[in-house]
Amino acid sequence: MSPPRSRSNDDAAQFGLDFDAAPAPALAGPPMAAPDLLATLRAWSESGWLRRLDSALAAFVLDTDPAASPVLLFAVAVLAQMEGRGHTCLPLQPLVEDATAVLGWASPAREACQAVRDTLPATVAEWTEALSASLAVRVAHAAADQGQPFVLAGPAHAPRLYLRRYWDHEREVARQLRERASRTWPVEAPAVQRWLDRLFGPPAAPAAGSSDEPDWQRLACAVAVRAGLAVITGGPGTGKTYTAARLLALLFALDPEPDRLRVALAAPTGKAAARLKQSIDTSLQGLAEALDGHLDLTALTQRIGAARTLHALLGARPDTRRMQHDATRPLDVDVLIVDEASMIHLEMMSALLQALPPTARLVLLGDKDQLASVEAGAVLGDLCRDAEAGAYSPDTVRYAAEATGLMLPVRYHTTAGRRPPLLAQQTVMLRQSRRFSGPIGQLALAVNAGKAVDVRAVLQSAGGGAVHANEHATTPEVLALAVHGRPGAVASYRDYLTVVAARPQPGAEAHAAWVASALRAFERFRLLCAVREGDWGAIGLNRLVERALAQAGLLTPRGEWYVGRPVMVTRNDPSLGVFNGDIGLTLPPATPGGALRVWFLDGEQLRSVGVSRLAHVETAFAMTVHKSQGSEFEHTVLVLPPHGGVLLNRELVYTGITRAREAFTLMAPQPGLLAAATQRPTRRASGLIDLLAPTADHPNA
1 MSPPRSRSND
11 DAAQFGLDFD
21 AAPAPALAGP
31 PMAAPDLLAT
41 LRAWSESGWL
51 RRLDSALAAF
61 VLDTDPAASP
71 VLLFAVAVLA
81 QMEGRGHTCL
91 PLQPLVEDAT
101 AVLGWASPAR
111 EACQAVRDTL
121 PATVAEWTEA
131 LSASLAVRVA
141 HAAADQGQPF
151 VLAGPAHAPR
161 LYLRRYWDHE
171 REVARQLRER
181 ASRTWPVEAP
191 AVQRWLDRLF
201 GPPAAPAAGS
211 SDEPDWQRLA
221 CAVAVRAGLA
231 VITGGPGTGK
241 TYTAARLLAL
251 LFALDPEPDR
261 LRVALAAPTG
271 KAAARLKQSI
281 DTSLQGLAEA
291 LDGHLDLTAL
301 TQRIGAARTL
311 HALLGARPDT
321 RRMQHDATRP
331 LDVDVLIVDE
341 ASMIHLEMMS
351 ALLQALPPTA
361 RLVLLGDKDQ
371 LASVEAGAVL
381 GDLCRDAEAG
391 AYSPDTVRYA
401 AEATGLMLPV
411 RYHTTAGRRP
421 PLLAQQTVML
431 RQSRRFSGPI
441 GQLALAVNAG
451 KAVDVRAVLQ
461 SAGGGAVHAN
471 EHATTPEVLA
481 LAVHGRPGAV
491 ASYRDYLTVV
501 AARPQPGAEA
511 HAAWVASALR
521 AFERFRLLCA
531 VREGDWGAIG
541 LNRLVERALA
551 QAGLLTPRGE
561 WYVGRPVMVT
571 RNDPSLGVFN
581 GDIGLTLPPA
591 TPGGALRVWF
601 LDGEQLRSVG
611 VSRLAHVETA
621 FAMTVHKSQG
631 SEFEHTVLVL
641 PPHGGVLLNR
651 ELVYTGITRA
661 REAFTLMAPQ
671 PGLLAAATQR
681 PTRRASGLID
691 LLAPTADHPN
701 A
């Protein structure tokens, strides 16, 4: 008989749990009673150390299983907390060794956590035994599957506790990726090389004294055509979409019936999707001229539709995690190119792979060093574990030479005696940036390498031009940037508001040009925040920037909706054609006297929605770095809060810097925040790397 629903049952349902298991036997002689531990967890939630959802999940477990052990309750609460931070599982070894380090708490939370931890078992084996004893926990591949809400998996020396759905998603993603990487197409290497010579020009011999780096773009195309999966990673300006366009041309050229190829383009956000389509179209137009007489690329590429968000592609539905397209109703596509893959969380990747026909090619583009997805998982980072090293097998090295005319340097070969990683054979890292060669690029590289000394040297040598840092910044100074810009980086919000103030001439065409001009001007500048809350977070700065622009006479905010208000969509609404992360401007319609509308620009296409229909939006003068992924701005200002803690990390700063095209400004209220973030890399707990490893044949990986 199912337990009665309670508040804790409802909270736990947010994790996708359904707990109808019989009560587990009590563990022998626990030092701390489970009800007392639960009371402590709830007190931690009241203090803000845990989320209420974290202690509610532990309460759910105890409600449904009065014999639940303190070990289980503690582990479940920490697991929920870590899921909220983007981890897909909870490794037991670090938790047992130092729970306070796992949680990253400072005093007095650290002392409180350690006091509770001292009452719990001292070894991983004891924790594993206690968790395995509960009927709420399935021991992977060792116990019957009875729908337990938690799974204990991984090797005996490094066990991991999962919420069941993340365990299921990890296995599905690993299975699909391994199968697609193993599924090869017969390609003739000489034919590949002939077409690559047309698309890139004949391979040039390295000049004397130059680097012996191969043409990684050429290699990426060759690798991608031979199997069902290709991963192309690289930093800004390395030519990921440039390469993808040539890959499309190569696929058309090699296919005996190119007219039959169904190609789809997608990205996690509307902005990223629009940029992907625009970049692909621009590259293909140039190629069409170069290939005239060899391939009717213009006619072939006209059949490629608009790029879509992943939610739109899969058919996201309100109030359910399930998509319209899945394994039973797959996508109608032969080639799918997905940009900004670092933003794809584990659950979305699982849904995408299930909806993609087994015979389709999947090409993932993204920067492995950017921030991982907001939700749990770091799929691209896991896939690109060997990207920098290459780790190419003898077969891959041989094929690369035959298909590209290039010899891969020995440093990129698989280490002698090591089994070549399967995914590495279909992964190529683009290493030469054609855009970030100045101070912004140097700063990004120094941050990415974790070299705080080099970061300081770049800032000192930049002289406040393209790169500037103020580590004694005040809020008024941040607001001044938003209103006026700075010497060497004049782009600010004044730009778009000047356009808005110059109302268009009558007529639909003039109105559309005015709207597009205002939207493009708004994209010149952006305030990026590490956090949402607080005066130095997105919420607080949005309020202050709005007030500062009004005081400068650039804005007239009256009520919630007003002319010039920038908004970000916070929830997918397929019926309106808007998706989480879309950014638009509130402007009047072409018809005088009409109600305000929010206008969005997708590439060159304008669309609008009446403000009365947009229930889930927020003002977007300032946005989090997470939300900025997939976008670029002429002048980017990164604001670091005084108490960011573990949220201030290397990936966040790197991502913020690489959103800037021409100028980057760092604003921090105190020295040391940038240096600390640079030396704090993020590592998300995941079992996907093990499942993708060459030795992943072990069923309990």
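Note that the UniProt record's numbering numbers the sequence shown so that position 168 is 168, with each residue one more than the last. Every residue, glycine too, gets a C-beta built ideally from N, C-alpha and C.
At a cut-off of 3 residues, the continuous stretches assigned as beta strand (DSSP E) that sit fully inside the segment 511-546 are 525-529. In this structure, the CA atom of Pro159 is about 13 Å from the CA atom of Thr88. For Trp216, the uninterrupted alpha helix (DSSP H) segment begins and ends at Trp216 to Ala224.
By DSSP's assignment, His413 forms a beta bridge with Tyr392. In this structure, the straight-line span from the alpha carbon of Arg183 to that of His141 is close to 27 Å. Judged by pairs of C-beta atoms under 8 Å, the segment 420-438 touches the segment 229-244, as three or more such pairs exist. Beta-bridge partners assigned by DSSP to Glu618: Met568.
Here Pro108 is exposed: its Cβ has fewer than 16 other Cβ atoms, across all protein chains shown, within 10 Å. Counting every other CB atom within 10 Å of its CB across the protein chains shown gives His484 a total below 16, marking it as exposed.
Taking Tyr392 as reference, the option from Leu648, Pro186, Ala220 and Ala101 with the minimal CA-CA separation is Ala220. Assigned with DSSP and collapsed to three states, Arg51 falls in coil, not helix or strand.
Listed in chain order, the non-local C-beta contacts of Thr123 below 8 Å within the same chain comprise Val96, local neighbours out to five positions each way being set aside.
Approximately 12 Å separates the beta-carbon atoms of Thr624 and Arg659; this is outside 8 Å, ruling out the contact. Selection Met667, Ser47, Ala552 and Leu199 evaluated against Leu248 yields Leu199 as nearest (Cα-Cα). At a Cβ-Cβ threshold of 7 Å, Ala34 and Leu62 count as neighbours. Counting only runs of 3 or more residues that sit fully inside the segment 281-354, the beta strand (DSSP E) segments are 335-338, in chain order. Distance from the CA atom of Ala552 to the CA atom of Ala502, rounded to whole angstroms, is 17 Å. Membership of Asn448 in the alpha helix (DSSP H) is indicated by the continuous run Pro439 to Asn448. Between Val598 and Gly577, the C-beta spacing is not below 7 Å. Beta-bridge partners assigned by DSSP to Met667: Asn470 and Val639. For Trp127, the enclosing alpha helix (DSSP H) begins and ends at Val124 to Ser132. One thing to note: Leu72 has its Cβ within 7 Å of the Cβ of Ser134. Looking at the DSSP output, Gly507 sits in no beta bridge, so it has no partner there.
With respect to the C-alpha of Leu314, the residue from Asp326, Leu445 and Asp395 having the closest C-alpha is Asp326. A contact is defined here as three or more CB-CB pairs under 8 Å, and the segment 617-634 meets this definition with respect to the segment 524-537.
Shown here, Pro186 sits in coil according to DSSP, grouped into three states, outside any helix or strand. A contact is defined here as three or more CB-CB pairs under 8 Å, and the segment 327-346 meets this definition with respect to the segment 372-388. Taken through DSSP and simplified to helix, strand or coil, Ser608 comes out as strand. Rounded to whole angstroms, the Cβ separation of Thr241 and Thr269 is 15 Å, and the two are not in contact under 8 Å. Taking a 10 Å sphere around the C-beta of Trp514, we find 16 or more other C-beta atoms and assign the residue as buried. Nearest to Ala403 by alpha-carbon distance, out of Ala68, Trp195 and Arg613, is Trp195. Unbroken alpha helix (DSSP H) stretches of 4 residues or longer found wholly inside the segment 135-193: 164-182, given in chain order. If you draw a 10 Å sphere on the C-beta of Val455, you find 16 or more other C-beta atoms in it, and that means buried. In the structure shown, Thr556 adopts coil according to DSSP, grouped into three states. Straight across, the Cα-Cα distance linking Arg329 with Ala677 is about 45 Å. Residue pairing of Gly584 in beta bridges, as defined by DSSP: Val567.
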